[in-house]
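Chemist: These protein sequence lines map, in sequence, to chains A and B. The numbers in the first sequence follow the numbering used here, run straight up by one, and end at 358. The numbers in the second sequence follow the numbering used here, run straight up by one, and end at 358. Sharing a structure, written as structure tokens. Questions coming.
Number of protein chains: 2
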Amino acid sequence: MVTIYDIAKVAGVGKSTVANALTGKGTVNEATRQRILQLAREMGYRPNLVARNLSQHKTLTIALILPTLVNPFYPEIVEAVENIVRQHDYQTVICNTHYDFALAREQMDRLISRWIDGYIIMGTSMELNDIIRYIKQGLPIVLCDWQENESAPGIAQVSVDFYRAGQIAAEHLLELGHRSIAVIVDKPWQALRLEGFQSMMLAAGIPVPVEMIEAGNSTFESGYAATKKLLAHPVLPTAIFAANDLMAFGAMEAVLEKGLRVPQDISIIGLDDIAISAHLRPPLTTVALPKTRLAKEAAELLLGQINGNKDMQVSCLVEPYLVVRQSTAHPPT
Amino acid sequence: MVTIYDIAKVAGVGKSTVANALTGKGTVNEATRQRILQLAREMGYRPNLVARNLSQHKTLTIALILPTLVNPFYPEIVEAVENIVRQHDYQTVICNTHYDFALAREQMDRLISRWIDGYIIMGTSMELNDIIRYIKQGLPIVLCDWQENESAPGIAQVSVDFYRAGQIAAEHLLELGHRSIAVIVDKPWQALRLEGFQSMMLAAGIPVPVEMIEAGNSTFESGYAATKKLLAHPVLPTAIFAANDLMAFGAMEAVLEKGLRVPQDISIIGLDDIAISAHLRPPLTTVALPKTRLAKEAAELLLGQINGNKDMQVSCLVEPYLVVRQSTAHPPT
DNA sequence: CTGAAAGCGCTAACAT
DNA sequence: ATGTTAGCGCTTTCAG
Numbered sequence: 026m027v028t029i030y031d032i033a034k035v036a037g038v039g040k041s042t043v044a045n046a047l048t049g050k051g052t053v054n055e056a057t058r059q060r061i062l063q064l065a066r067e068m069g070y071r072p073n074l075v076a077r078n079l080s081q082h083k084t085l086t087i088a089l090i091l092p093t094l095v096n097p098f099y100p101e102i103v104e105a106v107e108n109i110v111r112q113h114d115y116q117t118v119i120c121n122t123h124y125d126f127a128l129a130r131e132q133m134d135r136l137i138s139r140w141i142d143g144y145i146i147m148g149t150s151m152e153l154n155d156i157i158r159y160i161k162q163g164l165p166i167v168l169c170d171w172q173e174n175e176s177a178p179g180i181a182q183v184s185v186d187f188y189r190a191g192q193i194a195a196e197h198l199l200e201l202g203h204r205s206i207a208v209i210v211d212k213p214w215q216a217l218r219l220e221g222f223q224s225m226m227l228a229a230g231i232p233v234p235v236e237m238i239e240a241g242n243s244t245f246e247s248g249y250a251a252t253k254k255l256l257a258h259p260v261l262p263t264a265i266f267a268a269n270d271l272m273a274f275g276a277m278e279a280v281l282e283k284g285l286r287v288p289q290d291i292s293i294i295g296l297d298d299i300a301i302s303a304h305l306r307p308p309l310t311t312v313a314l315p316k317t318r319l320a321k322e323a324a325e326l327l328l329g330q331i332n333g334n335k336d337m338q339v340s341c342l343v344e345p346y347l348v349v350r351q352s353t354a355h356p357p358t
Numbered sequence: 026m027v028t029i030y031d032i033a034k035v036a037g038v039g040k041s042t043v044a045n046a047l048t049g050k051g052t053v054n055e056a057t058r059q060r061i062l063q064l065a066r067e068m069g070y071r072p073n074l075v076a077r078n079l080s081q082h083k084t085l086t087i088a089l090i091l092p093t094l095v096n097p098f099y100p101e102i103v104e105a106v107e108n109i110v111r112q113h114d115y116q117t118v119i120c121n122t123h124y125d126f127a128l129a130r131e132q133m134d135r136l137i138s139r140w141i142d143g144y145i146i147m148g149t150s151m152e153l154n155d156i157i158r159y160i161k162q163g164l165p166i167v168l169c170d171w172q173e174n175e176s177a178p179g180i181a182q183v184s185v186d187f188y189r190a191g192q193i194a195a196e197h198l199l200e201l202g203h204r205s206i207a208v209i210v211d212k213p214w215q216a217l218r219l220e221g222f223q224s225m226m227l228a229a230g231i232p233v234p235v236e237m238i239e240a241g242n243s244t245f246e247s248g249y250a251a252t253k254k255l256l257a258h259p260v261l262p263t264a265i266f267a268a269n270d271l272m273a274f275g276a277m278e279a280v281l282e283k284g285l286r287v288p289q290d291i292s293i294i295g296l297d298d299i300a301i302s303a304h305l306r307p308p309l310t311t312v313a314l315p316k317t318r319l320a321k322e323a324a325e326l327l328l329g330q331i332n333g334n335k336d337m338q339v340s341c342l343v344e345p346y347l348v349v350r351q352s353t354a355h356p357p358t
């Protein structure tokens with residue numbers, strides 16, 4: 026492990042001259058600077074970021090906190106966030122809470138102790154009360170992919186207009202002529218999607234009966250199980266709105282397994298637009314979330330906050346949009 | 026930011042007494058220890074890991090280097106590795122090289138500067154020459170999911186018997202009665218799978234003709250494109266072996282799109298057994314890699330290396346196994 | 001333009 | 001049992 030001090034000795038100069046030469050900060054005679062740089066290369070010098078972090082009180086690292094990696098939605102976000110912050114010389118550490126709030130606290134404590142510069146916290150990965158505590162301690166935090174009515178005012182966040190997303194799903198199904206529609210939703214996390222959906226149905230004069238609303242927990246399996254229940258009803262829905270793609274995927278499996286056709290017998294619409302959705306059989310109609318946009322806004326908001334940009338928007342709402350593929354059609358006549 | 030020094034002042038003791046009380050290392054009067062602990066809690070003390078790392082010359086952090094997160098195979102590995110090392114109080118930082126060797130070097134330099142304690146490097150994420158350089162510098166490294174003939178001897182690695190995996194795929198297809206089988210493979214990364222496959226075919230007296238071997242790059246899209254080409258041949262194969270599940274997935278899409286049936290007209294077998302494979306239509310027959318096992322072995326090997334366990338196995342080969350689902354069947358008569 | 005010195009917060013001998 | 005001291009490697013005044 027060669028340090029600036031080693032270089033200084035060999036070069037016959039002071040420690041700080043080496044530091045200046047290496048970082049290009051102070052002012053150093055061009056000749057000696059070249060000599061030092063040359064030496065650094067020869068001796069295989071590597072700056073010690075641990076030491077630098079300690080003395081500068083920052084780590085150029087942000088944390089991305091998410092509830093799981095099993096849902097491909099999150100890896101997609103990770104890629105996007107990482108690509109952006111890397112351009113600003115920040116590193117990303119991802120922190121997987123496994124939907125476990127206690128574990129989340131534990132891990133967060135570790136991150137704070139490591140002097141992570143800022144945090145992007147994805148929805149359902151942490152309890153809001155904990156987050157508020159962290160914010161009070163002065164940690165730069167931006168919430169991402171939370172329901173916008175869920176967080177306290179004044180907290181930086183970029184989220185999706187989930188209410189609108191629910192409306193879009195309903196609109197699409199209504200336009201196709203569906204009147205008997207079931208919903209699979211992960212309450213309370215996805216409450217807004219449900220509300221938006223219901224509002225649109227109500228406006229069309231077709232309130233959603235409670236027995237047509239099934240609970241899921243955002244996984245494939247839960248979508249599958251919920252649909253099984255739905256299909257046991259005496260009167261079947263002609264369409265199913267699953268509040269995320271993975272559950273829609275599970276719903277599709279249950280429907281097909283029962284020998285029914287998608288979309289001829291039952292239409293299915295999801296929400297997310299993860300990569301595989303385009304390749305299901307049939308390809309999934311879904312309300313897409315602009316993931317790259319989400320990641321970009323969150324990253325930039327956080328970076329701004331870290332660097333003390335007081336005059337940035339504190340929050341931002343991105344619009345979902347409909348992607349029509351082949352899992353939805355007119356109801357059977 | 027309250028430090029041990031702050032606590033020391035308030036408690037009216039020395040810095041190191043506080044340190045001892047907090048870490049439980051030295052020997053401290055039980056009464057004063059309780060007082061200090063109490064104070065630490067009240068004052069909201071958080072150990073500063075940056076400082077600790079600097080003084081201890083270690084960070085309790087390992088890096089998991091992988092080529093992408095788009096292939097769900099990797100998130101699955103991440104979850105497994107992370108779960109294991111967390112139990113040993115290590116943190117994982119994932120490093121995504123995006124299949125870009127130059128970027129990989131850049132990021133690796135950063136990680137080294139951060140004093141990451143050890144590295145798990147997944148196949149195709151880095152150039153072997155670079156890795157050898159790092160190992161010479163004394164960095165604890167274990168290779169994971171590389172072709173075992175690919176790495177220099179003496180390098181710690183846990184990999185899959187990919188040759189055997191190729192054989193298993195061929196065996197299965199041969200047993201079903203297939204004689205005209207195409208292969209989609211990402212050379213050179215997947216060379217061993219191909220060789221194993223070919224060896225088995227040869228043993229059965231049915232060498233694989235070159236025009237039945239298409240190149241892919243491990244993505245869904247490449248599997249799709251390769252299959253398009255295959256299906257343009259005058260004489261169609263009755264089965265396709267794709268050297269990973271994502272390509273098999275693409276192959277399936279191409280076949281179905283052409284109006285052919287899987288498996289009645291063309292059987293498809295993949296390799297990996299990622300989570301979604303069980304839910305494709307039809308569910309994908311595949312040669313499964315024991316991902317949890319892979320992650321566990323790699324993590325433990327690395328941890329052993331970090332802690333100077335000289336007497337550990339330097340490498341380990343795990344066995345793949347066949348998972349028969351519904352994408353393979355007898356060839357059409 | 002250069003170097004000495006203090007400090008970041010913690011650990012680890014070594015005295016007391 | 002407790003305190004003193006010297007680092008860890010780097011940054012950052014501030015004199016020379």
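Note that beta-carbon positions come from the ideal geometry of N, C-alpha and C, so glycine has one too.
Expressed to the nearest angstrom, what Euclidean distance is found between the alpha-carbon atoms of Thr-57 (chain A) and Met-151 (chain B)?
Modeler: If you take the alpha carbons of Thr-57 (chain A) and Met-151 (chain B), they lie about 36 Å apart.
Chemist: Report the residues of the region 73-88 of chain A with a CB closer than 8 Å to any CB of chain B, ordered along the chain.
Modeler: Those would be Asn-73, Leu-74, Val-75, Ala-76, Asn-78, Leu-79 and Thr-84, in chain order.
Chemist: Determine the burial state of Gly-51 (chain B): buried for a count of at least 16 other Cβ atoms within 10 Å of its Cβ, exposed for fewer.
Modeler: Its Cβ having fewer than 16 others within 10 Å, Gly-51 (chain B) is exposed.
Chemist: Per DSSP, Leu-168 (chain B) forms a beta bridge with which residues?
Modeler: DSSP output for Leu-168 (chain B) lists B:Ile-146 and B:Gln-182 as bridge partner(s).
Chemist: Which residues in the same chain have their Cβ closer than 6 Å to the Cβ of Gly-295 (chain B), if we skip the five residues on either side of it in sequence?
Modeler: Result list for Gly-295 (chain B): Ala-267, Asp-270, Ala-273, Leu-309 and Thr-311, in chain order.
Chemist: Which of helix, strand or coil does DSSP assign to Ala-338 (chain B)?
Modeler: Note on residue identity: the sequence assigns Gln, not Ala, to residue 338 (chain B). Coil, per DSSP.
Chemist: Within 10 Å of its beta-carbon, does Pro-262 (chain A) have 16 or more other beta-carbons around it, so buried, or fewer, so exposed?
Modeler: By the neighbour-count rule (16 or more Cβ atoms within 10 Å), Pro-262 (chain A) is buried.
Chemist: Would you say His-113 (chain B) lies against chain A (beta-carbon separation less than 8 Å)?
Modeler: Not closer than 8 Å to any Cβ of chain A, the Cβ of His-113 (chain B) fails to qualify, so no.
Chemist: So what does DSSP say about Ile-291 (chain A), is it helix, strand or coil?
Modeler: Ile-291 (chain A): coil per DSSP, three-state reduction.
Chemist: Can you list, in chain order, the residues of its chain whose CB lies under 8 Å from that of Glu-246 (chain A), leaving out five sequence neighbours each side?
Modeler: So the list reads Gly-275, once near-sequence residues are dropped.
Chemist: Taking one C-beta from the region 98-114 of chain A and one from the region 314-324 of chain A each time, how about it: are there three or more such pairs within less than 8 Å?
Modeler: Contact holds: three or more Cβ-Cβ distances are below 8 Å.
Chemist: Give the range of the beta strand (DSSP E) segment to which Asn-242 (chain B) is assigned.
Modeler: Run containing Asn-242 (chain B): none; DSSP gives neither H nor E here.
Chemist: Can you tell me which of the three DSSP states Asn-121 (chain B) falls into?
Modeler: Of the three classes helix, strand and coil, the one that applies to Asn-121 (chain B) here is strand, per DSSP.
Chemist: Tell me Phe-266 (chain B)'s beta-bridge partners as DSSP assigns them.
Modeler: Its beta-bridge partners are B:Val-208 and B:Ile-294.
Chemist: What is the DSSP secondary structure of Thr-310 (chain B), counted as helix, strand or coil?
Modeler: Three-state DSSP puts Thr-310 (chain B) in a strand.
Chemist: Under 7 Å Cβ to Cβ from Ile-301 (chain B), same chain only, skipping five residues before and after it: list those, please.
Modeler: Answer for Ile-301 (chain B): Pro-97, listed in chain order.
Chemist: Note down, in chain order, each residue of its chain lying with its Cβ closer than 8 Å to the Cβ of Ala-229 (chain B), except the 5 sequence neighbours on either side.
Modeler: For Ala-229 (chain B), where only same-chain residues beyond five positions count, the Cβ hits under 8 Å are Ala-195 and Leu-199.
Chemist: Does Ile-209 (chain A) have its Cβ less than 8 Å from a Cβ in chain B?
Modeler: Chain B contact via Cβ: absent.
Chemist: Decide if Ser-184 (chain B) is buried, meaning its Cβ has at least 16 other Cβ atoms within 10 Å, or exposed.
Modeler: The residue in question, Ser-184 (chain B), is buried, as its Cβ has 16 or more Cβ neighbours within 10 Å.
Chemist: State the start and end residues of the unbroken beta strand (DSSP E) segment that holds Leu-347 (chain B).
Modeler: From DSSP, the beta strand (DSSP E) with Leu-347 (chain B) extends over 346-348.
Chemist: Going by Cα to Cα distance, which pick from A:Ile-231, A:Val-208, A:Gly-221 and A:Met-225 is closest to Gly-360 (chain A)?
Modeler: Residue 360 (chain A) lies beyond the residue range present for chain A, which begins at 26 and ends at 358; the question has no answer from this structure.
Chemist: Along chain A, which residues have their Cβ under 8 Å away from the Cβ of Val-348 (chain B)?
Modeler: What Val-348 (chain B) touches in chain A: nothing, since even the nearest Cβ is about 17 Å away.
Chemist: So, Ile-87 (chain B) versus Thr-117 (chain B), is the Cβ gap smaller than 8 Å?
Modeler: A contact, by the Cβ cut-off of 8 Å.
Chemist: Can you grab the Cα-Cα spacing for the pair Gln-63 (chain B) / Ile-156 (chain A), in whole Å?
Modeler: So the alpha carbons of these two residues sit roughly 24 Å apart.
Chemist: Where do the N-terminal and C-terminal ends of the beta strand (DSSP E) with Ile-29 (chain B) fall, by residue?
Modeler: Run containing Ile-29 (chain B): none in the beta strand (DSSP E); it sits in the alpha helix (DSSP H), 29-36.
Chemist: Can you give me the Cβ contacts of Val-35 (chain A) inside the same chain, cut-off strictly under 8 Å, excluding the 5 residues immediately before and after it?
Modeler: Within the same chain, Val-35 (chain A) has close Cβ partners Leu-64 and Met-68.
Chemist: Please report the straight-line C-alpha distance between Ile-299 (chain B) and Gly-191 (chain A), rounded to a whole angstrom.
Modeler: Roughly 30 Å separates the two Cα atoms.
Chemist: Listing by chain order, which chain B residues have their CB less than 7 Å from the CB of Phe-245 (chain A)?
Modeler: The contacting residues are His-304.
Chemist: Answer yes or no: does any C-beta atom of chain A fall closer than 8 Å to that of Gln-223 (chain B)?
Modeler: Not an interface residue.
Chemist: Taking a contact to mean a Cβ-Cβ separation below 8 Å, would you say Pro-315 (chain A) touches Arg-189 (chain A) in this structure?
Modeler: Result no, Cβ atoms of Pro-315 (chain A) and Arg-189 (chain A) do not sit closer than 8 Å.
Chemist: Would you say Ile-119 (chain A) and Tyr-144 (chain A) are within 8 Å of each other, going by their C-beta atoms?
Modeler: No, Cβ-Cβ distance for Ile-119 (chain A) and Tyr-144 (chain A) is not below 8 Å.
Chemist: Which residue's Cα is closest to the Cα of Pro-232 (chain B): B:Arg-204, B:Leu-91 and B:Leu-328?
Modeler: Selected option, being the one with the closest Cα: B:Arg-204.
Chemist: Just verifying my parser: in three-state terms, what is the DSSP assignment at Thr-84 (chain B)?
Modeler: Looking at Thr-84 (chain B) - three-state DSSP - the assignment turns out to be coil, as it is neither helix nor strand.
Chemist: Grouping DSSP H, G and I as helix and E and B as strand, with all else coil, what is Ile-141 (chain B)?
Modeler: In this structure, Ile-141 (chain B) counts as coil in the three-state DSSP scheme.
Chemist: Alpha carbon to alpha carbon, how far is Leu-285 (chain A) from Pro-100 (chain A)?
Modeler: Roughly 32 Å between the two C-alpha positions.
Chemist: Cutting at 8 Å between CB atoms, please list the residues of its own chain near Ala-354 (chain B), excluding the five before and the five after it.
Modeler: Cβ neighbours of Ala-354 (chain B) beyond the five flanking positions: Leu-201, Pro-288, Gln-289 and Ser-292.
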